[in-house]
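These notes concern the structure reproduced below.
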């Protein structure tokens, strides 16, 4: 069997080849740019102008390698979500308000990627302000699913997920405020890692509509690739007061862990039969390998669902952009405009109740994760759905609201916990299904180690949408 192209193989192999001088970073960059030119027009995963410092990035890395440095992500092309500042690059947040904004400096995460030797090759499409579960906006339009261009990859980090799945770059830097870097990877068959809140400092850039929830999130084809990216990004920064101390204990083998499985995450929600079957089969394979998995559902407080939490996002959007909306609502995505309008209508007591609901969610999930090491559930209750819709019309044979596809991810953000989505099989028409693994805040290393074991046991294909050429 022919060796995979370095852009398709493990990141560790690509980096080792750069360190040894077997691959020139400039050649890697040229191959990545050729792929983007050939594949991206039909996907719209990477948007905006090409970075104008690509030659300088390669020259700087060559000098470091020649001086004997061995950066941990040397030569790895990376796509950055179009909400994260990249120095000198147009960063729009998918909004007409910021269509001409040029970032004055790198976000800390981008600076750390550069320090690790990565090459920033473009910006990944996002929904406006990363506040929709699909990837489309008024600046760049929709991102398309790499297996079926009539479908959406979900959102809001859909551009990053599709870029990785389609082989445009081995790594992407997403954000996750409620599942934005777990659900799109699940829908396109790659890995999305939501670190513990505070594990990757984020002191630079745009204000978030949902402070306290959003994190920087690696997206990759393999768990080890995501782990290597996380290692380059994590670590405290004095400008970020939310830094968390990560558990320094060596990860234990998964067969020694206490693991809970919850097919519906303790919620009374529909799940498509193909997702149920893929999740059950994945859990069965883990049990067969000696994992001690017991079904156990979180017991959520009465009346606490995503609807109870959404005033936080609506009010956050209204606080940041309400004045601009009042001046000209037509400058916004209609769905975002409706969220802002709702946010302006919420009372302070409504927002306080939503905040208290989030605290109760965090306490409930935290209590369960104090008793088990891992919690398993589907990443999403459905596979990808048609473009032009905020969500599928039905799930599990039941008509559903637009956010019904997103029910299994937001509570993790309110708990500040760590979570990862990895492919666990196929649903209807061969569309990917994701397995979500959740661990307590700070236990990122244990989660990544267990996910790497699960990845091997589930034996899913890496980047099923990417060509090997």
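Residue numbers (UniProt numbering): 1 to 469. Glycine included, every Cβ here is placed at the ideal spot set by N, Cα and C.
Handout entry: Exposed unless 16 or more other CB atoms sit within 10 angstroms - verdict on residue 252
Key = Translated into the one-based positions of the chain shown, residue 252 becomes position 252. The residue in question, residue 252, is exposed, as its Cβ has fewer than 16 Cβ neighbours within 10 Å.
Practice task
From the DSSP output, in three-state form, read off residue 394 for me.
Solution key: Numbered from its first residue, the chain shown carries residue 394 at position 394. Reduced to three states, the DSSP call for residue 394 is strand.
Practice task
Measure from the alpha carbon of residue 81 to the alpha carbon of each residue in 217, 279, 222, 325, then state which is nearest.
Solution key: On the chain shown, residue 81 is found 81 positions in, with the first residue counted as 1. Measuring from the Cα of residue 81, the nearest candidate turns out to be 217.
Exercise for the section: Compare the beta carbon distance of residue 378 and residue 306 with 8 Å and say whether it is the shorter of the two. Expected result: What you label residue 378 is simply residue 378 of the chain shown in a count that begins at 1. What you label residue 306 is simply residue 306 of the chain shown in a count that begins at 1. Contact flag unset, no.
Exercise for the section: Check whether the region 8-22 touches the region 177-184, taking contact to mean three or more Cβ pairs, one atom from each stretch, closer than 8 Å. Expected result: No contact exists between the region 8-22 and the region 177-184.
Handout entry: the region 122-132 contacting the region 87-103, beta-carbon criterion three pairs below 8 Å
Key = These segments touch.
Exercise for the section: Please state whether DSSP places residue 347 in a helix, a strand or coil. Expected result: As a position in the chain shown, residue 347 is number 347, starting the count at 1. Three-state DSSP puts residue 347 in coil, outside helix and strand.
Problem - Counted within 10 angstroms of its Cβ, other Cβ atoms place residue 392 as buried (16 or more) or exposed - result: Within the chain shown, numbered from 1, the residue matching residue 392 stands at position 392. Residue 392 is buried by the Cβ-count criterion.
Problem - Endpoints, the alpha helix (DSSP H) within which residue 162 is located - result: Numbered from 1 along the chain shown, position 162 holds the residue referred to as residue 162. Run containing residue 162: 158-165, per the alpha helix (DSSP H) assignment.
Exercise for the section: Buried or exposed for residue 488, please, with buried defined as at least 16 other CB atoms from any protein chain shown within 10 angstroms of its CB. Expected result: Summary: the structure shown does not reach residue 488, with the chain confined to residues 1 through 469, and so no result is reported for it.
Practice task
Measure the C-alpha to C-alpha separation of residue 27 and residue 74 and round it to an integer number of angstroms.
Solution key: For the purposes of this step, residue 27 is taken as residue 27 along the chain shown, with counting starting at 1. For the purposes of this step, residue 74 is taken as residue 74 along the chain shown, with counting starting at 1. For residue 27 and residue 74, the distance between alpha carbons rounds to 13 Å.
Exercise for the section: Reducing DSSP to helix, strand and coil, say where residue 471 ends up. Expected result: Within the shown structure, residues of the chain are numbered from 1 to 469, placing residue 471 beyond reach of any answer.
Exercise for the section: Could I get the ranges of all uninterrupted beta strand (DSSP E) runs contained in the region 263-337, with 3 residues as the minimum, in chain order? Expected result: 293-295
Exercise for the section: Rounded to whole angstroms, what's the CA-CA distance from residue 407 to residue 380? Just pull it up for me. Expected result: Here residue 407 refers to the residue found at position 407 of the chain shown. Here residue 380 refers to the residue found at position 380 of the chain shown. Cα to Cα, the separation comes out at about 7 Å.
Exercise for the section: Starting from the C-beta of residue 210, find all residues in its chain whose C-beta is less than 7 Å away, skip the five residues before and the five after it, and write them out in chain order. Expected result: Taking the first residue of the chain shown as 1, we reach residue 210 at position 210. Only 177, 312, 313, 316 meet the Cβ criterion.
Exercise for the section: Throw me the rounded Cβ distance for the residue 264 and residue 372 pair, which I believe falls under 8 Å. Expected result: To locate residue 264, count along the chain shown from 1; it is residue 264. To locate residue 372, count along the chain shown from 1; it is residue 372. That pair is no contact at about 17 Å.
Practice task
With a threshold of 16 other CB atoms inside 10 Å of the CB of residue 345, please say whether the residue is buried or exposed.
Solution key: Position 345 of the chain shown, counted from the first residue, corresponds to residue 345. Answer is exposed; the Cβ neighbour count stays below 16.
Exercise for the section: Give the DSSP-derived three-state secondary structure of residue 228 in the structure shown. Expected result: As a working note, residue 228 is residue 228 in the chain shown. Of the three classes helix, strand and coil, the one that applies to residue 228 here is helix, per DSSP.
Problem - Residue environment, residue 202, which counts as buried when at least 16 other CB atoms sit within 10 Å - result: For the purposes of this step, residue 202 is taken as the residue at position 202 of the chain shown. It is buried - the Cβ of residue 202 has at least 16 other Cβ atoms within 10 Å.
Exercise for the section: Pick helix, strand or coil for residue 200, following the three-state DSSP scheme. Expected result: One-based indexing of the chain shown puts residue 200 at position 200. In this structure, residue 200 counts as coil in the three-state DSSP scheme.
Exercise for the section: Examine chain C for any beta-carbon lying closer than 8 Å to the beta-carbon of residue 410, and answer yes or no. Expected result: No chain C is part of this structure, which consists of one protein chain only.
Practice task
Could you work out which residue in 248, 320, 423, 198 is closest to residue 242 when comparing CA atoms only?
Solution key: For the purposes of this step, residue 242 is taken as residue 242 along the chain shown, with counting starting at 1. Ranking 248, 320, 423, 198 by Cα distance to residue 242 puts 198 first.
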